[in-house]
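Report on one structure; see the data block that follows.
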Amino acid sequence: MDSQKDALQRIIATLANKNEELQNFIETLNHTLGRVQVNSTQVVSDLEEEFDTLYSILDEMKESMTNTIKQDTVRKSHELQNQLTQSTSALESAEELLEFANNALHITDEGDFTKAAKQIKDRVTMAPAFRLTLKPKATDNMTHLMVDFSQERPLLQGLKFLPVPRAPEIVLGDCLVIDNEVTVAWRMPAEDSKIDHYILEYRKTSHEGLPRVKDEQCWEVVDDVKSTEHTLQGLRFDTKFMNFRVRACNRAAAGDYSDPVTLETRAFNFGFDSTSSHLNLKVEDRSVEWDPQGGKGVDSKVKGKENKGRSGTPSPKRTSVTRSPAPRGARDRFTGESYTVLGDTSMESGQHYWEVKPQKDCKSYSVGLAYRNLGKFEQLGKTNTSWCIHVNNWLQNSFAAKHNNKAKNLDVAAPDSIGVYCDFDRGQLSFYNAENKQLLHTFKVKFTQPVVPAFMVWCGGLTLSTGLQIPSAVRSLQKTENGLGGSNSSISQQDPAVACDICLYDKLPSVDSSLMP
Numbered sequence: 001m002d003s004q005k006d007a008l009q010r011i012i013a014t015l016a017n018k019n020e021e022l023q024n025f026i027e028t029l030n031h032t033l034g035r036v037q038v039n040s041t042q043v044v045s046d047l048e049e050e051f052d053t054l055y056s057i058l059d060e061m062k063e064s065m066t067n068t069i070k071q072d073t074v075r076k077s078h079e080l081q082n083q084l085t086q087s088t089s090a091l092e093s094a095e096e097l098l099e100f101a102n103n104a105l106h107i108t109d110e111g112d113f114t115k116a117a118k119q120i121k122d123r124v125t126m127a128p129a130f131r132l133t134l135k136p137k138a139t140d141n142m143t144h145l146m147v148d149f150s151q152e153r154p155l156l157q158g159l160k161f162l163p164v165p166r167a168p169e170i171v172l173g174d175c176l177v178i179d180n181e182v183t184v185a186w187r188m189p190a191e192d193s194k195i196d197h198y199i200l201e202y203r204k205t206s207h208e209g210l211p212r213v214k215d216e217q218c219w220e221v222v223d224d225v226k227s228t229e230h231t232l233q234g235l236r237f238d239t240k241f242m243n244f245r246v247r248a249c250n251r252a253a254a255g256d257y258s259d260p261v262t263l264e265t266r267a268f269n270f271g272f273d274s275t276s277s278h279l280n281l282k283v284e285d286r287s288v289e290w291d292p293q294g295g296k297g298v299d300s301k302v303k304g305k306e307n308k309g310r311s312g313t314p315s316p317k318r319t320s321v322t323r324s325p326a327p328r329g330a331r332d333r334f335t336g337e338s339y340t341v342l343g344d345t346s347m348e349s350g351q352h353y354w355e356v357k358p359q360k361d362c363k364s365y366s367v368g369l370a371y372r373n374l375g376k377f378e379q380l381g382k383t384n385t386s387w388c389i390h391v392n393n394w395l396q397n398s399f400a401a402k403h404n405n406k407a408k409n410l411d412v413a414a415p416d417s418i419g420v421y422c423d424f425d426r427g428q429l430s431f432y433n434a435e436n437k438q439l440l441h442t443f444k445v446k447f448t449q450p451v452v453p454a455f456m457v458w459c460g461g462l463t464l465s466t467g468l469q470i471p472s473a474v475r476s477l478q479k480t481e482n483g484l485g486g487s488n489s490s491i492s493q494q495d496p497a498v499a500c501d502i503c504l505y506d507k508l509p510s511v512d513s514s515l516m517p
């Protein structure tokens with residue numbers, strides 16, 4: 001019966017997954033169908049615009065060339081008309097002179113004849129007919145203004161849609177996710193020398209498998225990628241997966257997208273649990289800051305002779321911070337001298353990593369782990385349910401690892417940023433210089449219940465960085481350390497002898513009441 005139920009459960013799970021895949025596919029088809037109509041309308045509009053532009057250019061060229069013909073016609077007509085007028089006038093003058101010469105032949109008086117002959121000779125010398133060029137200044141030939149579209153016509157007849165590159169293929173085997181960087185590699189299905197660049201798009205998602213049309217995230221775009229590989233750097237992995245797709249572009253158009261791929265980007269994400277924080281801590285999602293006025297109310301009755309007879313308005317130098325009450329079911333806030341806040345996400349298996357950066361003027365802070373049942377008066381490192389490294393920059397500088405009210409001074413300078421690595425299954429808590437990944441200290445612990453990140457801060461603030469993969473340098477160091485049998489000295493629940501004496505711990509300037517102003 002039980003085996004049949006198990007088999008049925010597997011069948012149900014398979015059917016549910018298949019139904020989800022089909023639903024996503026149907027949504028994709030509907031989305032694609034709608035986009036086909038939208039894109040078709042758009043390309044028709046673009047085509048009409050291109051042809052209208054071509055028509056406009058042809059019309060402008062036609063008008064310009066027609067004007068050239070008209071101007072040449074006017075020029076030739078003007079020149080020929082001038083020649084015609086001059087020639088007509090010269091002809092009339094020549095005909096009159098010819099008539100006068102003929103009449104002179106009939107003169108019988110010698111003196112009159114000599115006089116007439118001399119006049120004829122002078123008029124002939126000055127006659128317009130002998131000054132004109134008997135060659136037209138313009139011809140009737142207009143062939144120099146004819147056009148020949150024999151070369152352009154085949155080009156127009158050969159108009160085609162733009163040559164679009166084929167869709168690339170993302171090579172999963174060459175894609176790499178490491179150190180909060182993602183390298184995506186792809187190839188073209190066939191050689192295409194006309195490709196100018198690629199466009200890579202990505203988005204974060206909580207869903208495994210093919211991208212969903214109705215995903216909550218928008219696609220981010222990386223344009224003008226010149227090679228068939230690109231690395232995204234400085235990512236914060238605040239979702240379990242990321243989708244990627246790429247398209248090729250030539251100088252004319254962009255091609256289809258590649259088939260999208262989904263890469264796993266799991267990392268430990270958490271924030272500060274404001275319901276657990278001490279009232280003197282101002283908590284936001286990724287930062288916590290010491291607030292000396294936190295939790296202090298202002299007495300509405302202002303005492304003092306200088307306020308006698310006035311309304312009970314508090315002095316402007318005094319402030320009041322109102323804190324929201326903890327929701328039902330939340331743990332008690334830390335109080336007293338335990339200036340502590342916990343993370344809002346627990347760990348009960350696996351490997352995790354996060355980083356903490358203190359403010360430059362922070363006087364005292366601790367970073368570590370604790371069980372969630374850490375008492376509201378208890379300080380980090382002073383119980384057997386918390387582990388931390390503590391930095392003190394007030395009165396005297398100290399840098400120590402603390403657990404179970406014992407401390408071990410660390411012979412290195414406190415770094416500007418601390419990386420925290422927890423391997424719950426191996427029972428290992430390690431602290432690193434976040435910049436150069438130098439190992440600072442390792443606790444060997446057998447965790448008996450889930451743990452949460454824990455923080456203490458006094459007179460300063462901390463900034464939290466999560467969504468980080470375990471750095472490759474840390475992984476290498478962990479392999480080396482585990483291979484050496486965990487030889488790094490540590491304060492261990494099972495081996496308290498390596499710890500310093502309790503009195504040494506009490507002398508460290510932490511959040512002890514003796515060190516508070």
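FYI, the UniProt record's numbering numbers position 41 of the sequence shown as 41, with every residue one higher than the one before it. Glycine included, C-beta positions come from ideal geometry on N, C-alpha and C. Just so it is clear, the structure is predicted and the values come from calculations on it, not from any experiment.
message = Please report the straight-line C-alpha distance between Arg-426 and Asn-30, rounded to a whole angstrom.
response = Taking the sequence shown and counting its residues from 1, the one referred to as residue 426 is at position 426. Taking the sequence shown and counting its residues from 1, the one referred to as residue 30 is at position 30. Rounded to the nearest angstrom, the two C-alpha atoms are 49 Å apart.
Beta-carbon spacing of Asp-72, Leu-134 below 9 Å: Position 72 of the sequence shown, counted from the first residue, corresponds to residue 72. Position 134 of the sequence shown, counted from the first residue, corresponds to residue 134. Cβ distance not < 9 Å, so Asp-72 and Leu-134 don't count as in contact.
Can you find the residues in the same chain that come closer than 6 Å, C-beta to C-beta, to Ala-13, ignoring five residues on each side of it along the sequence?
In the sequence shown, counting from the first residue as 1, residue 13 sits at position 13. Within the same chain, Ala-13 has no close Cβ partners at all.
Supposed close pair Val-341, Phe-272 - CB separation, criterion 8 Å:
By one-based count along the sequence shown, residue 341 stands at place 341. By one-based count along the sequence shown, residue 272 stands at place 272. Indeed they touch by this definition, with Cβ atoms about 5 Å apart.
Once you ignore the five residues that flank residue 570 on each side, which residues in its own chain have a CB closer than 7 Å to its CB? Only positions 1 to 517 of the chain appear in the structure, and residue 570 is not among them; the question remains open.
With DSSP run on the structure shown, which of helix, strand or coil describes Lys-446? For the purposes of this step, residue 446 is taken as the residue at position 446 of the sequence shown. Coil, per DSSP.
Q.
Given this structure, state the Cα-to-Cα distance separating Ser-274 from Tyr-339, to the nearest angstrom.
A. Against the sequence shown, residue 274 aligns to sequence position 274. Against the sequence shown, residue 339 aligns to sequence position 339. Cα to Cα, the separation comes out at about 12 Å.
Shortest alpha-carbon distance to Leu-97 belongs to which of Gln-119, Leu-47, Leu-159? In the sequence shown, residue 97 corresponds to position 97, counting from 1. Considering only alpha carbons, the answer is Gln-119.
| Can you tell which of Leu-200, Asp-223, Leu-232, Ile-195 has the C-alpha that lies nearest to the C-alpha of Val-182? | In the sequence shown, counting from the first residue as 1, residue 182 sits at position 182. Considering only alpha carbons, the answer is Leu-232.
- What separation, rounded to the nearest whole angstrom, lies between the Cα atoms of Glu-95 and Lys-115? Counted from its first residue, the sequence shown places residue 95 at position 95. Counted from its first residue, the sequence shown places residue 115 at position 115. Cα to Cα, the separation comes out at about 20 Å.
Can you round the beta-carbon distance between Val-221 and Ile-199 to whole angstroms, since I take them to be within the 8 Å contact cut? Here the question's residue 221 lines up with position 221 in the sequence shown. Here the question's residue 199 lines up with position 199 in the sequence shown. That pair is a contact at about 6 Å.
Straight-line gap, Met-516 to Lys-376 (C-alpha atoms, nearest Å):
To locate residue 516, count along the sequence shown from 1; it is residue 516. To locate residue 376, count along the sequence shown from 1; it is residue 376. With a pLDDT of only 33 at Met-516, under 50, the local geometry of the prediction cannot be trusted, and the value read off the model is given with reservation. Whole-angstrom Cα-Cα distance: 19 Å.
As a quick exercise: from Asp-416, Glu-21, Asp-59, Val-43, pick the residue whose alpha carbon is nearest that of Asp-361. Within the sequence shown, residue 361 is the residue found at index 361, counting from 1. Nearest of Asp-416, Glu-21, Asp-59, Val-43 to Asp-361, Cα basis: Asp-416.
* Asked: Which first and last residues belong to the alpha helix (DSSP H) in which Arg-333 is found?
  -> Taking the first residue of the sequence shown as 1, we reach residue 333 at position 333. Segment: none, Arg-333 is in no alpha helix (DSSP H) and carries neither H nor E.
Using three-state DSSP, classify residue 518 as helix, strand or coil. Because the chain is modelled from 1 through 517, residue 518 falls outside the range shown and cannot be assessed.
- Query: In whole angstroms, what is the alpha-carbon distance linking Ile-178 and Ala-473?
  - Reply: Walking along the sequence shown from the start, residue 178 turns up at place 178. Walking along the sequence shown from the start, residue 473 turns up at place 473. Distance between the alpha carbons of Ile-178 and Ala-473: 11 Å.
Margin query: Whether or not the segment 407 to 414 and the segment 381 to 399 are in contact is what I'm after, with contact meaning three or more pairs of Cβ atoms, one per stretch, closer than 8 Å; do they touch?
Written below: yes
Does the segment 236 to 253 touch the segment 430 to 440, meaning 3 or more C-beta pairs lie closer than 8 Å? no
Quick one: grab the DSSP three-state call for Gln-428. Against the sequence shown, residue 428 aligns to sequence position 428. Correct three-state label for Gln-428: strand.
Environment of Ile-470 [buried if 16+ CB atoms lie within 10 Å] = Position 470 of the sequence shown, counted from the start, is the residue given in the question as residue 470. Result: buried.
Original post:
How long is the line joining the alpha carbons of Pro-189 and Ser-258, rounded to whole angstroms?
Top reply: Locating residue 189 in the sequence shown gives position 189, where the first residue counts as 1. Locating residue 258 in the sequence shown gives position 258, where the first residue counts as 1. Taking the straight line from one Cα to the other gives about 11 Å.
* **Start and end residues, beta strand (DSSP E) containing Met-456** => Counting from 1 along the sequence shown, the entry for residue 456 is found at position 456. 451 to 458 is the extent of the beta strand (DSSP E) around Met-456.
_Measuring straight from C-alpha to C-alpha, what distance separates His-207 and Ile-26?_
Mapped onto the sequence shown, residue 207 falls at position 207. Mapped onto the sequence shown, residue 26 falls at position 26. Looking at the two C-alpha atoms, the distance is approximately 17 Å.
Q) What separation, rounded to the nearest whole angstrom, lies between the Cα atoms of Leu-176 and Val-391? A) Sequence index remark: in the sequence shown, residue 176 carries index 176 (1-based). Sequence index remark: in the sequence shown, residue 391 carries index 391 (1-based). Roughly 37 Å between the two C-alpha positions.
| Beta-carbon contacts of Ala-252 that lie in its chain and below 7 Å, excluding the five residues immediately before and after | As a working mapping, residue 252 is identified with position 252 in the sequence shown. Within the same chain, Ala-252 has close Cβ partners Leu-162, Pro-163.
ask   = With distances taken between CB atoms, is the gap from Thr-345 to Val-452 smaller than 9 Å?
value = Position 345 of the sequence shown holds residue 345. Position 452 of the sequence shown holds residue 452. For Thr-345 and Val-452, yes; Cβs fall inside 9 Å.
request  = Return helix, strand or coil for Phe-161, following the three-state DSSP convention.
outcome  = As a first step, residue 161 must be located in the sequence shown, where it is residue number 161. Correct three-state label for Phe-161: coil.
* To do: Check whether the Cβ atoms of Asn-404 and Gly-419 lie closer than 9 Å to each other.
  => Here residue 404 corresponds to residue number 404 of the sequence shown, with the count starting at 1. Here residue 419 corresponds to residue number 419 of the sequence shown, with the count starting at 1. No, the Cβ-Cβ distance between Asn-404 and Gly-419 is not below 9 Å.
Out of Gly-343, Met-242, Glu-60, Ala-167, which has the shortest C-alpha to C-alpha gap to Phe-268? The residue you call residue 268 lines up with position 268 of the sequence shown. Answer by Cα proximity: Gly-343.
Can you tell me which of Leu-210, Val-225, Leu-15, Glu-191 puts its alpha carbon nearest to the alpha carbon of His-197?
On the sequence shown, residue 197 is found 197 positions in, with the first residue counted as 1. Answer by Cα proximity: Val-225.
Can you check which of these residues, Glu-191, Thr-385, Gly-209, Val-261, is closest to Gly-173 by C-alpha distance?
In the sequence shown, the residue the question calls residue 173 occupies position 173. That would be Val-261, whose Cα lies nearest to the Cα of Gly-173.
Q.
Can you find the residues in the same chain that come closer than 6 Å, C-beta to C-beta, to Arg-372, ignoring five residues on each side of it along the sequence?
A. Within the sequence shown, numbered from 1, the residue matching residue 372 stands at position 372. Contacts found: Val-452.
Next on the checklist: Helix, strand or coil, according to DSSP, for His-144 in the structure here?
Outcome noted: Position 144 of the sequence shown, counted from the first residue, corresponds to residue 144. Correct three-state label for His-144: helix.
- In chain order, what residues of the same chain have a beta carbon less than 7 Å from the beta carbon of Phe-113, not counting five sequence neighbours either side? Position 113 of the sequence shown holds residue 113. Excluding residues within five positions, the ones whose Cβ falls inside 7 Å are Ala-104, Ile-107.
| query | Which value, in whole angstroms, describes the spacing of the CA atoms of residue 526 and Lys-363? | reply | As displayed, the chain neither begins before 1 nor continues past 517, which places residue 526 out of reach and without an answer.
Which two residues bound the contiguous alpha helix (DSSP H) that contains Met-126?
Here residue 126 is taken as the residue at index 126 of the sequence shown, counted from 1. From DSSP, the alpha helix (DSSP H) with Met-126 extends over 110 to 126.
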